[in-house]
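There are 2 protein chains.
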Amino acid sequence: MNIRWSKRSAWLLAGREGETARKLSDRALLQFTNKSGVMLKVGIKEIAARAEVSIATVSHAFRNPGRVSDATRKKVLEAAKALGYTPNNLAVNLRTAKSGNIVAIIPDVADSHNSGVIKGIEKIAHSRGYSVLLGDTQGSEQREREFANMVSSRQADGIILMSHRLPFALGKNLLKIEDLPPLVNGSEFTGHEEFPLVAIDDVQAAMDATSHLIDYGHKDIAVITGDINSTSCRNRLAGFKGAMARAGLKAPERLINYSSYSLEGGETATRQILLQKNRPTAIFCFSDEIALGCMYTLRQSGFSVPDDISVIGFDNIAFARYFAPPLTTIAQPTEEIGAMCATLLLDLIDGKKPEKNRHILPHKLLVRESTRRLN
Amino acid sequence: MNIRWSKRSAWLLAGREGETARKLSDRALLQFTNKSGVMLKVGIKEIAARAEVSIATVSHAFRNPGRVSDATRKKVLEAAKALGYTPNNLAVNLRTAKSGNIVAIIPDVADSHNSGVIKGIEKIAHSRGYSVLLGDTQGSEQREREFANMVSSRQADGIILMSHRLPFALGKNLLKIEDLPPLVNGSEFTGHEEFPLVAIDDVQAAMDATSHLIDYGHKDIAVITGDINSTSCRNRLAGFKGAMARAGLKAPERLINYSSYSLEGGETATRQILLQKNRPTAIFCFSDEIALGCMYTLRQSGFSVPDDISVIGFDNIAFARYFAPPLTTIAQPTEEIGAMCATLLLDLIDGKKPEKNRHILPHKLLVRESTRRLN
DNA sequence: AGGTGTTTGTAAAACGTTTATATTCGCACC
DNA sequence: GGTGCGAATATAAACGTTTTACAAACACCT
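Chains as they are written, first to last, in the working numbering: chain A, 710 to 1084; chain B, 710 to 1084.
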């Protein structure tokens, strides 16, 4: 212990000794400098001074107990508490080259399904000490890129990508996973097998939905898709066509309505459908939001669901069972998808590579009252 | 220019000269070290070497053009591009003591109204170069605290708080705004006037909703509240009572059902209402989700909306107009609330104090088909 | 006493920037 | 041919931590 330390510590104590315990603890809660001249900023250095140890010891006491005797550890902890220390994570992050953030790149937070996924992501991330940066892209590729850049610029340690395209260019000679940022693909698939993927089996799910309608005696089945560029949508379409073919039914192009995963999408697509002369007896909507827009339009046009036309949705958003009629739909394990994405990503960041990359979670057909058996 | 620089630069170039332009630009897109022995990490230092200037000059070239001649600036930029430089924001953040993040503390991302607000926040934040950290609290006060701590630990520069309680203790002697973290209150009000507040006039809005029902001839009006601890809810309740009183109507406690802003809340509360012998002719739901749960239960129990019972909601979530029947509700400028919160917060962070703290945004009664005139 | 570990602690060098201050340079001015 | 000045650039000190390498202290054997 050299004189410098002692002096400092004395000065520091002197600056505070007049204060009551209450005041100190108030300060402890708020780490914002005030202009009163009393230096509020407390870092590892100030603690070291007060505890009369070196800053290395202070750091160890926090990060590496066991490297330090119980006695000094206690001293340090007390000093820290008295001074109301909060570590400066900016510094920690720089030093350890970890931001403690992951970025979730999604097309739209306000979408019911997406926000459920996000919720799952956030839960796991938080439980493992990470924070979630919101990357709402509104479908813009440029924004996807911008958010992905956060890992280049070290603001995030990894990416959960709910999009069908990679947010960075990939050179042919750079396909080794070590060269790539930690990324996991949620619900959508970029086509790059080297990244873990969490999704449901959209093809099978769409087949299940379609088969349900077929079982119910429907032959003329229309479809309202989401964004046709997305893999989820393409897969669902493939599943639909597959199921129709297997049943020996036609799935003519005129019954396939290309739309978007939204209420408005469902609304306008349904209008199109009703304009045609041969009306389908059932409509398979690729999302519950579409289904709601669809049922609304049907109702507006004087059709009853399911008496005149059956409607089946996809996702099982929280609202689905409250609709009038309650919506038959394919349930996705929404929150679990998010949770699993986060788990895989954080493992990846920790250097743990999953033994398999393709994680297909179970879906489930929920038959409610928007579909009816034809007689 | 001393020898050290020249040497370094020579070495660096030597290490790269064999590569094609294509390879280099691939690298430029991905900043992740590979193990091949070639040093990929490129910082300000490497640029300085290649451009044969000092690191200070490089920094100025980016951050402070004008401090540097056009010629050298160009040199630096070229070197940066060739090397595929991305600034390490961890370092920038530490040095400048800014994280570039704001944290949005909200009870639940998956709630339709909240996710709309978030979307507004994100838009503004992004346009001003900030990122949004998601603070989903599930209503837990501890989590509110944890997220608020992100500004103490410098991971966030400010807080948007959608809660009625402050996430930190406030000493009596610390009420000066300079000592407090930048925070703006959205939709809810902590009672601390020193923080900007963005909300609608919940009292007036609830009065408008109630008056609408009264205009339609309803006298027995039940209410399903949200979380009664929240200020939005208390204000709406006050507005309801006020409107009833003004009309000379009774608002007995038995008609006030304390619930939560959720589908399930609406469902169970409505069940309670139907149990009573004197049924109300109208139900004022404090959120659209409640209203949907409510209408669902009414339908289940054989009541027709609005023929038997009128229902009015609150929020005007995207779904509201698609419900069956389309929901009469109070529209909130959801996204604008978020946008204004973000604007105020970022201004605050920039040291610009708003001239007024209380920002009341306009609401609007939207009469659709879930309410009916009594004859 | 001397040797050999094992704890416990410290000094100092990072991490990659920004920025205050210093230096250099060219040029105009008397 | 100084002198002074502005512009352009460089040096070096931060920012607040973690971590490596080393030293001191102590304990435990011979």
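Yeah, the Cβ is synthetic: ideal placement off N, Cα and C, and Gly gets one too.
Under 9 Å from the C-beta of ILE827 (chain A): neighbouring residues of chain B: For the purposes of this step, residue 827 (chain A) is identified with residue 118 of the first sequence, where counting begins at 1. Within chain B, the residues near ILE827 (chain A) are VAL818, ALA819, SER824, LEU843 and ASP845.
Point to revise | Nearest to ARG776 (chain B) (by Cα), restricted to the options B:THR766, B:LYS783, B:ALA914 and B:VAL751 | key: Residue numbering aside, residue 776 (chain B) sits at position 67 when the second sequence is read from its first letter. Of the candidates B:THR766, B:LYS783, B:ALA914 and B:VAL751, the one whose C-alpha sits nearest the C-alpha of ARG776 (chain B) is B:THR766.
Query raised in the report: Are THR1006 (chain B) and THR979 (chain B) touching if we call contact CB-CB under 7 Å?
Result: Start at 1 with the first residue of the second sequence, and residue 1006 (chain B) comes out as number 297. Start at 1 with the first residue of the second sequence, and residue 979 (chain B) comes out as number 270. Yes, Cβ-Cβ distance for THR1006 (chain B) and THR979 (chain B) is below 7 Å.
message: For a contact defined as C-beta to C-beta under 9 Å, what are the partners of PHE904 (chain A) on chain B?
response: Position 195 of the first sequence, counted from the first residue, corresponds to residue 904 (chain A). Residues of chain B passing the Cβ test: none, with the nearest at roughly 14 Å.
Looking at C-alpha atoms only, which residue of A:ARG943, A:GLY844, A:GLY1047 and A:CYS1003 is the closest neighbour of PRO1034 (chain A)?
For the purposes of this step, residue 1034 (chain A) is taken as the residue at position 325 of the first sequence. For PRO1034 (chain A), the nearest C-alpha among the options comes from A:CYS1003.
- Got a sec? Which residues, its chain only, sit under 8 Å from GLY825 (chain A) by beta carbon, not counting five neighbours each side? What you label residue 825 (chain A) is simply residue 116 of the first sequence in a count that begins at 1. Answer for GLY825 (chain A): ILE1026, ALA1027, THR1043, GLU1044 and GLY1047, listed in chain order.
If the criterion is Cβ atoms closer than 7 Å, does the pair CYS942 (chain B) and PHE1012 (chain B) meet it?
As a first step, residue 942 (chain B) must be located in the second sequence, where it is residue number 233. As a first step, residue 1012 (chain B) must be located in the second sequence, where it is residue number 303. Against a cut-off of 7 Å, the Cβ pair of PHE1012 (chain B) and CYS942 (chain B) comes out as no contact.
Open item on the list: Please report the distance separating the alpha-carbon of PRO1071 (chain A) from that of LYS1062 (chain A).
Closed with: Translated into positions along the first sequence, residue 1071 (chain A) becomes position 362. Translated into positions along the first sequence, residue 1062 (chain A) becomes position 353. Cα-Cα distance, rounded: 23 Å.
* Asked: Can you find a CB in chain A that lies within less than 7 Å of the CB of GLU1078 (chain B)?
  -> As a first step, residue 1078 (chain B) must be located in the second sequence, where it is residue number 369. No, GLU1078 (chain B) does not count as interfacial toward chain A.
Original post:
Skipping 5 residues on each side, what residues in its chain have a beta carbon closer than 7 Å to that of PRO774 (chain B)?
Top reply: By 1-based counting over the second sequence, the position of residue 774 (chain B) is 65. The residues are ARG782.
Q: Check VAL841 (chain A) in the structure and name its three-state DSSP category.
A: For the purposes of this step, residue 841 (chain A) is taken as the residue at position 132 of the first sequence. Reduced to three states, the DSSP call for VAL841 (chain A) is strand.
Using a Cβ-Cβ distance under 7 Å, would SER969 (chain A) count as near chain B?
Start at 1 with the first residue of the first sequence, and residue 969 (chain A) comes out as number 260. Not one chain B Cβ lies under 7 Å of SER969 (chain A).
### Identity of the residue in A:ASN944, A:ALA931 and A:GLY848 nearest ALA908 (chain A) by Cα
Against the first sequence, residue 908 (chain A) aligns to sequence position 199. Considering only alpha carbons, the answer is A:ASN944.
- Task: With 7 Å as the C-beta to C-beta threshold (strictly closer), list the residues of the segment 1026–1038 of chain A near chain B in chain order.
- Result: ALA1027, PHE1028, TYR1031 and ALA1033
Quiz item: So, helix, strand or coil for HIS921 (chain B), using DSSP?
Solution: For the purposes of this step, residue 921 (chain B) is identified with residue 212 of the second sequence, where counting begins at 1. Note: HIS921 (chain B) maps to helix in three-state DSSP.
_Residue range of the unbroken beta strand (DSSP E) whose run includes THR1038 (chain A)_ = Translated into positions along the first sequence, residue 1038 (chain A) becomes position 329. Counting along the chain, the beta strand (DSSP E) containing THR1038 (chain A) begins and ends at 1038–1040.
Check your understanding: Quick one: Cα of VAL893 (chain B) to Cα of LEU1083 (chain A), how far?
Key -> Here residue 893 (chain B) corresponds to residue number 184 of the second sequence, with the count starting at 1. Here residue 1083 (chain A) corresponds to residue number 374 of the first sequence, with the count starting at 1. Their backbone Cα atoms lie some 56 Å apart in a straight line.
Going along chain B, which residues have a C-beta under 7 Å from LEU1089 (chain A)?
-> Here chain A covers residues 710 to 1084 and nothing more, so residue 1089 (chain A) does not appear.
Quiz prompt | Residues that DSSP places opposite ALA1085 (chain B) in a beta bridge | solution = The shown model of chain B, from 710 to 1084, leaves out residue 1085 (chain B), and the question about it has no answer.
Check your understanding: Tell me which same chain residues have a C-beta within less than 8 Å of the C-beta of ARG731 (chain B), skipping the five on either side of it?
Key -> For the purposes of this step, residue 731 (chain B) is taken as residue 22 along the second sequence, with counting starting at 1. Summary for ARG731 (chain B): the model assigns pLDDT 27, below 50, so the residue's position carries little reliability; its value from the coordinates is reported in the next sentence. Excluding positions up to five away in sequence, the list is empty.
Q | Chain-ordered chain A contacts of THR795 (chain B) [CB-CB under 9 Å] | A | The residue labelled residue 795 (chain B) in the question sits at position 86 within the second sequence. Simply ASN858, SER861, SER862 and ARG863.
**Report entry** 4 or more residues per run - each alpha helix (DSSP H) lying fully within the segment 925–973 of chain A
**Finding:** 940–955
In angstroms, rounded to a whole number, what distance separates the CA positions of ALA865 (chain A) and VAL932 (chain B)? Start at 1 with the first residue of the first sequence, and residue 865 (chain A) comes out as number 156. Start at 1 with the first residue of the second sequence, and residue 932 (chain B) comes out as number 223. Their backbone Cα atoms lie some 45 Å apart in a straight line.
Measuring only the C-alpha atoms, how far is ASP888 (chain A) from SER861 (chain A)? To locate residue 888 (chain A), count along the first sequence from 1; it is residue 179. To locate residue 861 (chain A), count along the first sequence from 1; it is residue 152. So the two alpha carbons sit approximately 12 Å from each other.
Check this for me: beta carbons of GLU998 (chain A) and SER971 (chain A), under 7 Å apart or not? Here the question's residue 998 (chain A) lines up with position 289 in the first sequence. Here the question's residue 971 (chain A) lines up with position 262 in the first sequence. In contact: GLU998 (chain A) and SER971 (chain A) (Cβ atoms closer than 7 Å).
List the residues of chain A that SER808 (chain B) touches, going by C-beta distances under 8 Å, in chain order. Walking along the second sequence from the start, residue 808 (chain B) turns up at place 99. Under the 8 Å cutoff, chain A gives LEU799.
Legend entry - CB contact below 7 Å: TYR925 (chain A) versus chain B: The residue labelled residue 925 (chain A) in the question sits at position 216 within the first sequence. Judged by the 7 Å Cβ criterion, TYR925 (chain A) is not in contact with chain B.
Whole-angstrom distance between ALA800 (chain A) and ASN798 (chain B), CA atom to CA atom: Locating residue 798 (chain B) in the second sequence gives position 89, counting from the first residue. Locating residue 800 (chain A) in the first sequence gives position 91, counting from the first residue. The straight-line gap from Cα to Cα measures roughly 11 Å.
Check your understanding: Exposed or buried, ILE1069 (chain B), counting other C-beta atoms within 10 Å across all chains shown (16 or more means buried)?
Key -> Along the second sequence, one-based indexing puts residue 1069 (chain B) at 360. Result: exposed.
*How should ASN966 (chain A) be labelled, buried or exposed, when 16 other C-beta atoms within 10 angstroms of its C-beta is the threshold for buried?*
By 1-based counting over the first sequence, the position of residue 966 (chain A) is 257. Classification for ASN966 (chain A): buried.
What is the residue span of the beta strand (DSSP E) that HIS873 (chain A) lies within? Within the first sequence, numbered from 1, the residue matching residue 873 (chain A) stands at position 164. No beta strand (DSSP E) holds HIS873 (chain A); DSSP gives it neither H nor E.
DSSP beta-bridge partners of ILE814 (chain A): As a position in the first sequence, residue 814 (chain A) is number 105, starting the count at 1. Answer is A:GLY844 and A:LEU870, bridged to ILE814 (chain A).
Enumerated in chain order, which unbroken segments of the beta strand (DSSP E) with a length of 3 residues or greater are wholly contained in the segment 993–1060 of chain A? 1019–1021 and 1038–1040
Applying the criterion that 16 or more other CB atoms from any shown protein chain within 10 Å of the CB defines a buried residue, is SER1010 (chain A) buried or exposed?
-> Your numbering for residue 1010 (chain A) matches position 301 in the first sequence. Exposed, since its Cβ has fewer than 16 Cβ neighbours within 10 Å.
**Message:** To the nearest angstrom, how far is the alpha carbon of GLU755 (chain A) from that of GLU787 (chain A)?
**Reply:** Residue numbering aside, residue 755 (chain A) sits at position 46 when the first sequence is read from its first letter. Residue numbering aside, residue 787 (chain A) sits at position 78 when the first sequence is read from its first letter. If I take the Cα positions, the gap works out to 12 Å.
Residues that DSSP places opposite ALA991 (chain A) in a beta bridge | If you number the first sequence from 1, residue 991 (chain A) lands on position 282. Bridge partners of ALA991 (chain A): A:ILE930 and A:SER1019.
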